[in-house]
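Line by line, the protein sequences give chains A and B. Counting in numbering that gives the first Met the number 0, the first sequence runs from 0 upward without gaps. Counting in numbering that gives the first Met the number 0, the second sequence runs from 0 upward without gaps.
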Amino acid sequence: MSADGFFVIGATHHRAPLAVREKLSLSAEAAAALHAEFTSMAALKEFAVLNTCNRVEFYGVATNADAAAAVSAAFCARQQFDAAEFAKICLSLRGRDAVQHLLEVSAGLDSQMLGETEVFGQVKEAYAAAQARGSTGPVLNRVFQKGFQAAKHVRSHTAITEGQVSVANVAVDLALTIFGSLKEARILLLGAGDIGEKTAKAFQSRGAAALTVASRRFERAMELATALGASAMPFEQREARLAEFDVVVCATSAPDLVVSLAATRAAMHKRSARPLFFIDQALPRDIDAAVAEIDNVFLYNLDDLAKIAEQNRAAREAEIVKCRAIVTEKADALWRHVAPQVAALANRMPTAADGMHPPTPVAGEGTRPPTTEKDTADGGAVPTSRS
Amino acid sequence: MLAELTDRTWLWAAAGLYLAGFVQGTFSLLRSGRPAGVATYTLIAAGYALQLIGLGIRGRSVGGCPLGNTLEIFQFTAWSAVTLYLVVGVTFRASLLGYFTSCLSAALTLVSLAIPAWDVTRRSNVFGGNPWIELHAALALFSYGVFALLALTSLMFLLRNYSLKKKHLGGWFSFLPSIIDLDQIGVRLLGAGVTILAAALAVGSVYWLRDTSVVNSAKLLVTVAVWFAYAAVFGLRLGERLLAGRFAWACLGLFAAALLSLGPVDQSRHAAPPAATKAHA
Numbered sequence: 000m001s002a003d004g005f006f007v008i009g010a011t012h013h014r015a016p017l018a019v020r021e022k023l024s025l026s027a028e029a030a031a032a033l034h035a036e037f038t039s040m041a042a043l044k045e046f047a048v049l050n051t052c053n054r055v056e057f058y059g060v061a062t063n064a065d066a067a068a069a070v071s072a073a074f075c076a077r078q079q080f081d082a083a084e085f086a087k088i089c090l091s092l093r094g095r096d097a098v099q100h101l102l103e104v105s106a107g108l109d110s111q112m113l114g115e116t117e118v119f120g121q122v123k124e125a126y127a128a129a130q131a132r133g134s135t136g137p138v139l140n141r142v143f144q145k146g147f148q149a150a151k152h153v154r155s156h157t158a159i160t161e162g163q164v165s166v167a168n169v170a171v172d173l174a175l176t177i178f179g180s181l182k183e184a185r186i187l188l189l190g191a192g193d194i195g196e197k198t199a200k201a202f203q204s205r206g207a208a209a210l211t212v213a214s215r216r217f218e219r220a221m222e223l224a225t226a227l228g229a230s231a232m233p234f235e236q237r238e239a240r241l242a243e244f245d246v247v248v249c250a251t252s253a254p255d256l257v258v259s260l261a262a263t264r265a266a267m268h269k270r271s272a273r274p275l276f277f278i279d280q281a282l283p284r285d286i287d288a289a290v291a292e293i294d295n296v297f298l299y300n301l302d303d304l305a306k307i308a309e310q311n312r313a314a315r316e317a318e319i320v321k322c323r324a325i326v327t328e329k330a331d332a333l334w335r336h337v338a339p340q341v342a343a344l345a346n347r348m349p350t351a352a353d354g355m356h357p358p359t360p361v362a363g364e365g366t367r368p369p370t371t372e373k374d375t376a377d378g379g380a381v382p383t384s385r386s
Numbered sequence: 000m001l002a003e004l005t006d007r008t009w010l011w012a013a014a015g016l017y018l019a020g021f022v023q024g025t026f027s028l029l030r031s032g033r034p035a036g037v038a039t040y041t042l043i044a045a046g047y048a049l050q051l052i053g054l055g056i057r058g059r060s061v062g063g064c065p066l067g068n069t070l071e072i073f074q075f076t077a078w079s080a081v082t083l084y085l086v087v088g089v090t091f092r093a094s095l096l097g098y099f100t101s102c103l104s105a106a107l108t109l110v111s112l113a114i115p116a117w118d119v120t121r122r123s124n125v126f127g128g129n130p131w132i133e134l135h136a137a138l139a140l141f142s143y144g145v146f147a148l149l150a151l152t153s154l155m156f157l158l159r160n161y162s163l164k165k166k167h168l169g170g171w172f173s174f175l176p177s178i179i180d181l182d183q184i185g186v187r188l189l190g191a192g193v194t195i196l197a198a199a200l201a202v203g204s205v206y207w208l209r210d211t212s213v214v215n216s217a218k219l220l221v222t223v224a225v226w227f228a229y230a231a232v233f234g235l236r237l238g239e240r241l242l243a244g245r246f247a248w249a250c251l252g253l254f255a256a257a258l259l260s261l262g263p264v265d266q267s268r269h270a271a272p273p274a275a276t277k278a279h280a
């Protein structure tokens with residue numbers, strides 16, 4: 000048995016469409032049941048499960064090559080998913096490649112939304128859960144902790160996380176560019192559809208507190224306002240009360256303009272020195288394009304937002320080469336360090352006692368996080384809280 | 000050895016550091032698209048320290064605030080602007096402010112040193128031994144430093160406004176502060192500048208009222224006009240009648256006018272009693 004005893008197996012958004020990922024997604028109960036099943040596998044010494052909306056992955060350290068297949072089979076059986084179908088879409092990497100994969104996942108390089116940082120927290124949670132269940136050991140501890148360091152290094156030394164890549168977040172970034180903070184910004188959402196709701200949520204997630212919803216169907220506005228913890232306003236009052244708002248998000252399906260040039264001029268006369276920011280996400284457009292000519296009024300339509308998101312995405316992709324170079328270097332160094340440990344584990348012949356027991360600590364290193372000076376120097380214990 | 004260095008040597012060294020801050024910032028912007036915040040701040044701070052030494056040596060030799068010729072006026076204005084930057088630059092997320100400050104300070108100090116005529120002579124005993132007049136002059140020039148920084152933040156406001164209107168948000172535009180932040184900084188700086196210049200004029204007026212003949216009327220008119228113009232802009236801004244881009248343009252234009260007014264103000268003093276003496280090395 001070689002150092003290939005370290006493996007990752009699973010399914011990701013690259014090859015598994017959403018409908019498939021829905022079937023493969025693990026519930027808390029299924030995860031617990033699988034944990035019990037994996038624990039009983041004599042050949043499987045360490046394991047961790049990463050379960051997000053874009054991937055379900057099993058990282059393991061095993062004493063024989065069949066362990067990965069056994070993990071795969073147990074997973075398919077638990078999810079009642081056809082094993083042959085799973086084989087077609089499954090991700091299966093070993094040794095150094097598996098290490099590199101974890102590092103890329105942690106750094107957001109393998110994400111559907113390139114460079115996103117949420118996955119980093121999810122990987123940390125997965126590791127913390129594995130630690131809590133006692134299924135990690137010297138190899139996974141080191142690989143995960145070094146992986147976190149590598150991800151942080153990539154984020155801080157490249158522009159992979161810079162610029163928003165979703166239209167809603169681009170709109171929020173623009174508002175911050177104008178107002179600095181959204182704490183005191185008053186936001187009016189015109190239209191209660193999905194697009195408007197997503198944008199409103201993006202604003203709320205970045206600190207916006209004063210949100211008002213108006214829709215041509217008032218009951219729908221009330222419904223969304225209640226869901227968002229916002230207030231509702233009759234649609235007919237939108238122009239008369241325009242001066243009260245700092246940011247106006249338009250996402251109606253109205254065939255005609257819903258905010259006119261005259262109303263905007265009147266609003267700007269009433270307003271203090273504060274700018275007015277229009278985000279027109281509607282098709283056909285809701286806001287008279289001429290309002291952009293007014294001093295202190297800023298107007299961005301769907302094309303403008305999409306263009307910025309695309310530029311940011313392109314900028315992130317341009318960083319990929321730099322990121323991969325960093326990750327490759329880190330993965331090489333890490334693998335050089337853990338490969339002997341993996342090989343040593345593999346060389347230990349499983350005993351009958353291994354059968355139904357949790358993974359056995361090796362050479363004084365247990366399933367708890369490393370706390371020795373050497374470990375700290377090499378990788379250090381990292382906090383397991385969400386970043 | 001350091002004790003043997005002349006005031007001009009220290010001032011040249013300071014100007015060099017300001018220039019280095021500007022060059023370093025430009026290089027950083029071109030290379031990585033972001034300003035070198037800490038490095039620029041450090042270079043400006045070092046330049047400020049050297050300029051302080053240079054002005055200190057000159058001040059000690061003339062026995063007062065060194066405001067006796069055009070070089071000294073430009074140096075003092077640059078020093079005032081940097082003083083404010085070192086205080087407010089760290090408070091606001093305005094890393095580009097350091098870049099612009101280094102540019103302005105380098106320009107003011109280098110130009111003043113590069114034109115020998117501006118430092119050939121200086122009027123000795125320019126304040127007639129009256130510390131109140133010295134305070135008046137120092138306050139007046141300090142207010143010009145405030146207005147210099149206001150001009151920089153106004154320029155940044157216009158750039159931010161342009162980037163948002165034209166939808167050019169990438170590159171170094173992304174390091175500009177928000178529209179609201181720049182507007183608030185501008186209003187505060189304008190208020191501070193108007194107040195300081197008002198204090199300078201108040202102190203000076205006491206002296207002038209005692210003997211109206213000692214102050215050249217051209218100087219008086221120009222100085223009062225500068226204050227009045229800034230005060231008017233401040234009033235219009237507070238009354239929300241001069242906003243956003245127009246407010247920024249007004250602040251920029253006024254600073255250009257105020258800078259140009261320094262010439263007539265300085266020239267007017269040639270007719271004043273203090274005798275011109277050769278500037279020391």
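We put the beta carbon where it would ideally sit given N, CA and C, even for glycine.
I'd like the span of the beta strand (DSSP E) that includes A:Thr11, first residue to last. Reading the first sequence from its first residue, position 12 is the one you call residue 11 of chain A. 5-11 is the span of the beta strand (DSSP E), which, as asked, contains A:Thr11.
Report the start-end ranges of each alpha helix (DSSP H) in the region 224-258 of chain B that is 4 residues or longer and not cut off at the edges. none
Distance, B:Ala13 Cα to B:Ala48 Cα: Numbered from 1 along the second sequence, position 49 holds the residue referred to as residue 48 of chain B. Numbered from 1 along the second sequence, position 14 holds the residue referred to as residue 13 of chain B. About 8 Å.
Using a beta-carbon distance below 8 Å, is A:Thr157 in contact with chain B? Numbered from 1 along the first sequence, position 158 holds the residue referred to as residue 157 of chain A. Answer no: the Cβ-Cβ gap between A:Thr157 and chain B never drops below 8 Å.
Within 10 Å of its beta-carbon, does A:Val169 have 16 or more other beta-carbons around it, so buried, or fewer, so exposed? On the first sequence, position 170 is the one that residue 169 of chain A refers to. Per the 10 Å Cβ criterion, buried.
Given A:Pro274, which residues of its chain have a CB within under 8 Å of its CB, disregarding the five upstream and five downstream residues? What you label residue 274 of chain A is simply residue 275 of the first sequence in a count that begins at 1. Counting only Cβ-Cβ distances below 8 Å, and skipping sequence neighbours, we find Ile177, Phe178, Asp245, Asn295, Val296, Phe297.
Would you please state the rounded distance, in angstroms, between the beta carbons of A:Val7 and A:Phe57? I believe it to be under 8 Å. Residue numbering aside, residue 7 of chain A sits at position 8 when the first sequence is read from its first letter. Residue numbering aside, residue 57 of chain A sits at position 58 when the first sequence is read from its first letter. Going by Cβ atoms, the distance from A:Val7 to A:Phe57 rounds to 7 Å, so yes, they are a contact pair.
Could you have a look at A:Ala129 and say whether DSSP puts it in helix, strand or coil? As a position in the first sequence, residue 129 of chain A is number 130, starting the count at 1. Of the three classes helix, strand and coil, the one that applies to A:Ala129 here is helix, per DSSP.
Assess contact between the region 102-111 of chain A and the region 128-136 of chain A, defined as three or more Cβ pairs (one per stretch) separated by less than 8 Å. Is contact present? no
Output yes or no for whether 8 Å exceeds the beta carbon distance between A:Ala281 and A:Ala250. As a working mapping, residue 281 of chain A is identified with position 282 in the first sequence. As a working mapping, residue 250 of chain A is identified with position 251 in the first sequence. In this structure, A:Ala250 lies closer than 8 Å to A:Ala281 by Cβ.
Using a Cβ-Cβ cut-off of 7 Å (strictly less than) and excluding sequence neighbours within five positions of B:Ala2, which residues of its own chain qualify? Position 3 of the second sequence, counted from the start, is the residue given in the question as residue 2 of chain B. Closer than 7 Å at the Cβ level, and outside the excluded window around B:Ala2, lies no residue.
Could you give the uninterrupted runs of the beta strand (DSSP E) lying entirely in the region 148-230 of chain B, keeping only those of 3 residues or more? none
Could you name the residues of the region 165-183 of chain A whose beta carbon sits closer than 7 Å to any beta carbon of chain B, in the order they occur along the chain? Leu175, Thr176, Ile177, Phe178, Gly179
Distance cutoff 8 Å, beta carbons only. Does B:Ser153 sit that close to anything in chain A? In the second sequence, counting from the first residue as 1, residue 153 of chain B sits at position 154. Cβ-Cβ to chain A under 8 Å: no for B:Ser153.
Partner residues on chain A for B:Ser177, Cβ-Cβ distance less than 9 Å: Taking the second sequence and counting its residues from 1, one reaches residue 177 of chain B at position 178. Residues of chain A passing the Cβ test: Leu175, Thr176, Ile177, Phe178, Gly179, Ser180.
For A:Glu21, report the span of its alpha helix (DSSP H) as first-last. Sequence index remark: in the first sequence, residue 21 of chain A carries index 22 (1-based). Unbroken alpha helix (DSSP H) run through A:Glu21: 17-23.
Which of the three DSSP states is assigned to B:Leu261 in this structure? Start at 1 with the first residue of the second sequence, and residue 261 of chain B comes out as number 262. Note: B:Leu261 maps to helix in three-state DSSP.
So, B:Ala191 versus B:Val145, is the Cβ gap smaller than 8 Å? Walking along the second sequence from the start, residue 191 of chain B turns up at place 192. Walking along the second sequence from the start, residue 145 of chain B turns up at place 146. Yes; because the gap between Cβ atoms is below 8 Å, this pair is in contact.
Cβ-Cβ separation, A:Gly136 to A:Ile243 (assumed contact under 8 Å), whole Å: Reading the first sequence from its first residue, position 244 is the one you call residue 243 of chain A. Reading the first sequence from its first residue, position 137 is the one you call residue 136 of chain A. Position check: residue 243 of chain A holds Glu in this sequence, whereas Ile was assumed. About 60 Å separates the two Cβ atoms, so there is no contact after all.
What residues from chain A crowd round B:Asp180, counting only those whose CB sits closer than 7 Å? The count along the second sequence starts at 1 and reaches residue 180 of chain B at position 181. Simply Gly179.
Under a CB-based cut-off of 8 Å, is A:Ser271 close to chain B? By 1-based counting over the first sequence, the position of residue 271 of chain A is 272. Output row for A:Ser271: interface = yes.
With 8 Å set as the bound, which would you pick, yes or no: does the beta-carbon of B:Ala243 sit closer than that to a beta-carbon of chain A? Working through the second sequence from its first residue, we reach residue 243 of chain B at position 244. Yes, its Cβ sits closer than 8 Å to a Cβ of chain A.
Of all the residues that make up the region 279-298 of chain A, which are near chain B by a beta-carbon distance shorter than 8 Å? Ala291, Asp294, Asn295, Phe297
Check each candidate in B:Gly244, B:Leu235, B:Ser260 and name the one with the smallest Cα separation from B:Val221. The count along the second sequence starts at 1 and reaches residue 221 of chain B at position 222. Ranking the options by Cα distance to B:Val221, first place goes to B:Ser260.
If distances are taken between C-alpha atoms only, which option among A:Ala66, A:Val19, A:Ala15 comes closest to A:Ser39? Against the first sequence, residue 39 of chain A aligns to sequence position 40. Here the closest residue by C-alpha is A:Ala66.
Mind reading off the beta-carbon distance from A:Ala191 to A:Arg219? Whole number of angstroms is fine, and I expect it under 8 Å. Here residue 191 of chain A refers to the residue found at position 192 when the first sequence is read from its first residue. Here residue 219 of chain A refers to the residue found at position 220 when the first sequence is read from its first residue. Yes, they are in contact, since the Cβ atoms of A:Ala191 and A:Arg219 sit about 5 Å apart, within 8 Å.
Taking the alpha carbon of B:Leu29 as the reference point, which residue from B:Gly169, B:Val87, B:Leu70 has its own alpha carbon closest? The residue given as residue 29 of chain B occupies position 30 in the second sequence. Ranking the options by Cα distance to B:Leu29, first place goes to B:Gly169.
Does A:Lys185 come out as helix, strand or coil in the three-state DSSP assignment? Sequence index remark: in the first sequence, residue 185 of chain A carries index 186 (1-based). Sequence check: residue 185 of chain A is Arg here, not Lys. Here A:Arg185 sits in strand by DSSP.
Can you name the residues of chain A whose CB is closer than 7 Å to the CB of B:Glu71? Counted from its first residue, the second sequence places residue 71 of chain B at position 72. By Cβ distance, chain A contributes nothing, its closest Cβ being about 38 Å from B:Glu71, past 7 Å.
Contacting positions in the region 302-326 of chain A - beta carbon closer than 7 Å to chain B: Asp303, Ile307, Gln310
For A:Ala167 and A:Ala305, the rounded distance between their alpha carbons: The residue labelled residue 305 of chain A in the question sits at position 306 within the first sequence. The residue labelled residue 167 of chain A in the question sits at position 168 within the first sequence. Roughly 9 Å between the two C-alpha positions.
Chain B beta carbons: is any one of them nearer than 8 Å to that of A:Ala274? As a first step, residue 274 of chain A is located in the first sequence; it is residue number 275 there, counting from the start. It should be pointed out that residue 274 of chain A corresponds to Pro in this sequence rather than to Ala. For A:Pro274, the answer is yes, since a Cβ of chain B falls inside 8 Å of its Cβ.
Give a yes or no on whether the minimum CB-CB distance between B:Gly169 and chain A is below 8 Å. The residue you call residue 169 of chain B lines up with position 170 of the second sequence. Yes, contact with chain A.
Do you know how far the Cα of A:Asp3 is from the Cα of A:Pro339? Within the first sequence, numbered from 1, the residue matching residue 339 of chain A stands at position 340. Within the first sequence, numbered from 1, the residue matching residue 3 of chain A stands at position 4. C-alpha separation (whole angstroms): 11 Å.
For B:Leu138 versus B:Val205, is the C-beta distance shorter than 8 Å? The residue given as residue 138 of chain B occupies position 139 in the second sequence. The residue given as residue 205 of chain B occupies position 206 in the second sequence. Not closer than 8 Å, so no.
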